[in-house]
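This report refers to the structure that appears directly beneath it.
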Amino acid sequence: MSEPGTLYVVATPIGNLGDITLRALETLKQVDAIAAEDTRHSVGLLRHFGISKPLIAVHEHNEQHSAEALLKRLQAGESIALVTDAGTPAVSDPGAVVVQAVRAAGLKVVPIPGASAVIAALSASGITQAGFCFEGFLPASGSQRRKRLESLKAVTVTLVLYEAPHRIVECVQDLLSVFGSERMLTVARELTKTFETIHTSHLAGAVDWLQADSNQQRGEFVLLIHPAPVEKQEGLDENTQRILKRLLQELPLKQAVALATDITGHKKNELYEAALAYKAAV
Numbered sequence: 000m001s002e003p004g005t006l007y008v009v010a011t012p013i014g015n016l017g018d019i020t021l022r023a024l025e026t027l028k029q030v031d032a033i034a035a036e037d038t039r040h041s042v043g044l045l046r047h048f049g050i051s052k053p054l055i056a057v058h059e060h061n062e063q064h065s066a067e068a069l070l071k072r073l074q075a076g077e078s079i080a081l082v083t084d085a086g087t088p089a090v091s092d093p094g095a096v097v098v099q100a101v102r103a104a105g106l107k108v109v110p111i112p113g114a115s116a117v118i119a120a121l122s123a124s125g126i127t128q129a130g131f132c133f134e135g136f137l138p139a140s141g142s143q144r145r146k147r148l149e150s151l152k153a154v155t156v157t158l159v160l161y162e163a164p165h166r167i168v169e170c171v172q173d174l175l176s177v178f179g180s181e182r183m184l185t186v187a188r189e190l191t192k193t194f195e196t197i198h199t200s201h202l203a204g205a206v207d208w209l210q211a212d213s214n215q216q217r218g219e220f221v222l223l224i225h226p227a228p229v230e231k232q233e234g235l236d237e238n239t240q241r242i243l244k245r246l247l248q249e250l251p252l253k254q255a256v257a258l259a260t261d262i263t264g265h266k267k268n269e270l271y272e273a274a275l276a277y278k279a280a281v
């Protein structure tokens, strides 16, 4: 049973309705009302699963006002589910203002996780480097978008973006101009839907691929900019060399190497060879 005075943040499918979780269905059936980004869209989802509940509109244009109204209902003892058109509320979608208000009032917020376009895209990308940075939607303005991308050039993990179909070509062209032609990009389009497409290429090739087929410019996009290749450093860095030399002044060679390995994280064999070279040079 749902708990009185509790807001449930419920993830819904991003395309395929079969991706809804059993817990999400049970929650939607038990709450007193459902707060939805677009009530017309959510009616179709609920009808598909035979659920009939009062719907409350909560979108980006009325979220502050809606948060106050929802808070009053929760304080009166109702339980409410918060949903968005697809995926998880409050993540590049309305909902964060509502959640913040409910938590600030000391009421309970319960996440009901489910399908995620970000995780779905990452899982099918084949990117082996750990970690990612989720940026969501970039600014719609070309100059502001490029400015934001310039600020993200230093990110060393996979950069994850959302993009709309009418801006996808311009966005990828901006990625090309900022990150360079050799940077790899995975385009994940219409995830879990009929025309799902996952395409990986260099950025220069991605622009050509999009422009060659207008069908590939339709739908909802997740863009994964792969991390830049890590350049392998030759030899030991200056700080490691300084530590090793100082330890060799005070300790026998094996002890100095063992301690330097613990301190710097470099491979023992590499430090041992360097230590032998330092000793021979003295």
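Here numbering that gives the first Met the number 0 is used: position 92 in the sequence shown is 91, and no number is missing along the way.
Ideal placement from N, C-alpha and C gives every residue a C-beta, glycine not left out.
Computed from a predicted model, the values in this text were never measured in an experiment.
Query	Result
Please classify Gln248 as buried or exposed, where buried requires at least 16 other C-beta atoms within 10 Å of its C-beta.	exposed
Please return the same chain residues whose Cβ sits closer than 6 Å to the Cβ of Ala259, not counting the five positions on each side in sequence.	Ile242, Leu243, Leu246, Leu270
Would you mind listing the alpha helix (DSSP H) stretches within the stretch 40-121 that are 4+ residues and don't spill past its ends, in chain order?	62-74, 95-103
Please name the residue, chosen from Gly141, Gln74, Ile19, Ala139, that lies closest to Val82 on a Cα-to-Cα basis.	Ile19
With DSSP as the reference, please indicate the residues paired to Ser200 in a beta bridge.	Leu184
In the DSSP assignment, what residue or residues form a beta bridge with Val159?	Phe133, Leu223
For Ala257, name the three-state secondary structure that DSSP assigns.	helix
At what residues does the beta strand (DSSP E) containing Ala23 begin and finish?	Run containing Ala23: none in the beta strand (DSSP E); it sits in the alpha helix (DSSP H), 21-29.
Just to confirm before moving on: does the CB-CB distance between Ala10 and Glu219 stay below 9 Å?	no
What are the boundary residues of the beta strand (DSSP E) that Thr5 is part of?	5-9
Answer yes or no: do Val186 and Gln215 have a C-beta to C-beta separation smaller than 9 Å?	yes
With a threshold of 16 other CB atoms inside 10 Å of the CB of His225, please say whether the residue is buried or exposed.	buried
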